[in-house]
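Trainee: Dumping the structure here so I can ask a few things about it.
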Ligand SMILES: *Cc1c(COP(=O)(O)O)cnc(C)c1O
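Numbering (the numbering used here), first residue to last: 88 to 450.
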């Protein structure tokens, strides 16, 4: 049985008519840049997240960049980031001339190692960017520097105390890349904050630093969220809790079916931390990962690797001062394998994936 790694049509299908209607409405209204759907989405998501303001931006990458620009991060500044994450988390730091300080991951959870993070805080630290990797929250204790949560993979996740991912730090940076828990129809992103003055600065940064128009007290960029994306996202927002719950059900099914190879130690689950996990990616640590991957691929089962290499070894960061080996992440990158996990995935499909894995290990 072919099992696609991701199939967005299964969530979009039932919403087709509503999405087309939203698209046509924006087309008729013609306010393509910062039209009324953008502030409407911002208000709706502020309410969902329990924050005072959100600012729609052009991507998750630009959310991180704008957040750092709003804090005037630049040369001489350090920003602490995990090494096991998507490129943009550290790319945004380097683009501003600041220095990323890479942190290894916790061997059990694969989340940013908290004691190491705290140990790196120094006089030059301007921010920490914890990444809620694969859809679960990494909780930092109170720290004396701004925290910018990278929530790209964790819309709808919560911390142990029920606080929404993105509502704890000074800012939360979301991505609406189509595969993310709240995915758009192209690129998009959002920044959440409880600080209304900061929200104003972020709005300024997203429109070339201008305030008022054509007067530029600071440098910004074109980081605006399209009206069209906002309108389409508004259709999807009410469905996200059900989709996240469905991914949790799928994850539980995998856990049950893979128990024999987990008992034998051939497959390991990253430990779940307290709070709600949204399973943006369902990642296992698998022995003989590459052979398993080709075997599954040959049977039409889509899998993926997040991530094949940590960031501290990327060629583009070779000149970053103070790099050290981060052995836990380096080892994890040789074992991580993401399995199909999305709304609409059937039990028969999960069975096809897990039977293939069990067969591979002779279980
Ligand atoms: C997807 C992602 C981003 C970047 O988001 P884009 O919308 O693709 O620019 C940043 N950080 C993490 C952890 C991500 O997964």
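From the three backbone atoms N, C-alpha and C, an ideal C-beta is built for every residue, glycine too.
Would you kindly work out how many angstroms separate the C-alpha atoms of residue 363 and residue 302, rounded to a whole number?
Mentor: Distance between the alpha carbons of residue 363 and residue 302: 44 Å.
Trainee: Could you tell me if residue 146 is buried or exposed, where buried requires 16 or more neighbouring beta carbons within 10 angstroms of its beta carbon?
Mentor: Under this definition residue 146 is a buried residue.
Trainee: Shorter than 8 Å, the distance from the beta carbon of residue 192 to the closest heavy atom of ligand 1, or not?
Mentor: Incorrect: residue 192 has no Cβ contact closer than 8 Å to ligand 1.
Trainee: With a cut-off of 8 Å, do at least 3 Cβ pairs link the stretch 194-208 to the stretch 163-171?
Mentor: Yes, the stretch 194-208 is in contact with the stretch 163-171.
Trainee: Alpha carbon to alpha carbon, how far is residue 432 from residue 331?
Mentor: Their Cα atoms are separated by approximately 13 Å.
Trainee: Enumerate in chain order the residues of its own chain whose CB-to-CB distance from residue 453 is below 8 Å, with the five nearest sequence positions on each side excluded.
Mentor: Nothing can be reported for residue 453: it is not among the residues displayed for the chain, which extend from 88 to 450.
Trainee: Rounded to whole angstroms, what's the CA-CA distance from residue 153 to residue 119? Just pull it up for me.
Mentor: So the alpha carbons of these two residues sit roughly 21 Å apart.
Trainee: Counting only the same chain and skipping the five closest in sequence on each side, list residues whose C-beta sits under 7 Å from that of residue 92.
Mentor: Contacts found: 389, 390, 391 and 427.
Trainee: Is there contact here, the stretch 173-183 with the stretch 303-310, by at least three beta-carbon pairs under 8 Å?
Mentor: Output reads no: the stretch 303-310 does not touch the stretch 173-183.
Trainee: Can you confirm whether the stretch 289-304 touches the stretch 332-343 when touching is taken to mean that 3 or more C-beta pairs between the two stretches lie within less than 8 Å?
Mentor: In short, these stretches do not touch, since the Cβ pair count stays below three.
Trainee: How far does the beta strand (DSSP E) with residue 263 in it extend, from its first residue to its last?
Mentor: Looking at the DSSP string, residue 263 is not in any beta strand (DSSP E), and its letter there is neither H nor E.
Trainee: Which residues in the same chain as residue 320 place their Cβ atom closer than 8 Å to its Cβ, once the five residues preceding and following it in sequence are excluded?
Mentor: Taken in chain order, the residues that qualify are 128, 263, 269, 271 and 275.
Trainee: How would you write the range of the alpha helix (DSSP H) that residue 344 sits in, first residue to last?
Mentor: Here the alpha helix (DSSP H) through residue 344 covers 327-344.
Trainee: Use the C-beta contact count for residue 155: other C-beta atoms within 10 angstroms, 16 or more gives buried, fewer gives exposed.
Mentor: Counting Cβ neighbours within 10 Å, residue 155 comes out buried, since at least 16 surround it.
Trainee: Ends of the alpha helix (DSSP H) at residue 193?
Mentor: Premise fails: residue 193 is in no alpha helix (DSSP H) and is neither H nor E.
Trainee: Quick one: Cα of residue 379 to Cα of residue 447, how far?
Mentor: Taking the straight line from one Cα to the other gives about 7 Å.
Trainee: Going by beta carbon distance, what residues of the same chain come within less than 6 Å of residue 315, once the five residues before and after it are set aside?
Mentor: Result list for residue 315: 113, in chain order.
Trainee: Are residue 173 and residue 366 close, meaning C-beta to C-beta below 9 Å?
Mentor: In this structure, residue 366 does not lie closer than 9 Å to residue 173 by Cβ.
Trainee: The beta strand (DSSP E) spanning residue 236 covers which residue range?
Mentor: Per DSSP, residue 236 belongs to the beta strand (DSSP E) from 235-237.
Trainee: Comparing the CB of residue 240 with every heavy atom of ligand 1, is any distance shorter than 8 Å?
Mentor: Flag set: Cβ of residue 240 near ligand 1.
Trainee: Could you tell me the boundaries of the alpha helix (DSSP H) in which residue 126 lies?
Mentor: First-last of the alpha helix (DSSP H) with residue 126: 124-136.
Trainee: Could you check whether residue 144 and residue 457 sit closer than 9 Å to each other, using their CB atoms as the reference points?
Mentor: Missing from the structure shown is residue 457; the chain here goes from 88 to 450 and no further.
Trainee: Measure from the alpha carbon of residue 407 to the alpha carbon of each residue in 98, 162, 136 and 139, then state which is nearest.
Mentor: Measuring from the Cα of residue 407, the nearest candidate turns out to be 162.
Trainee: What does the alpha-carbon distance come out to for the pair residue 412 and residue 397?
Mentor: Taking the straight line from one Cα to the other gives about 10 Å.
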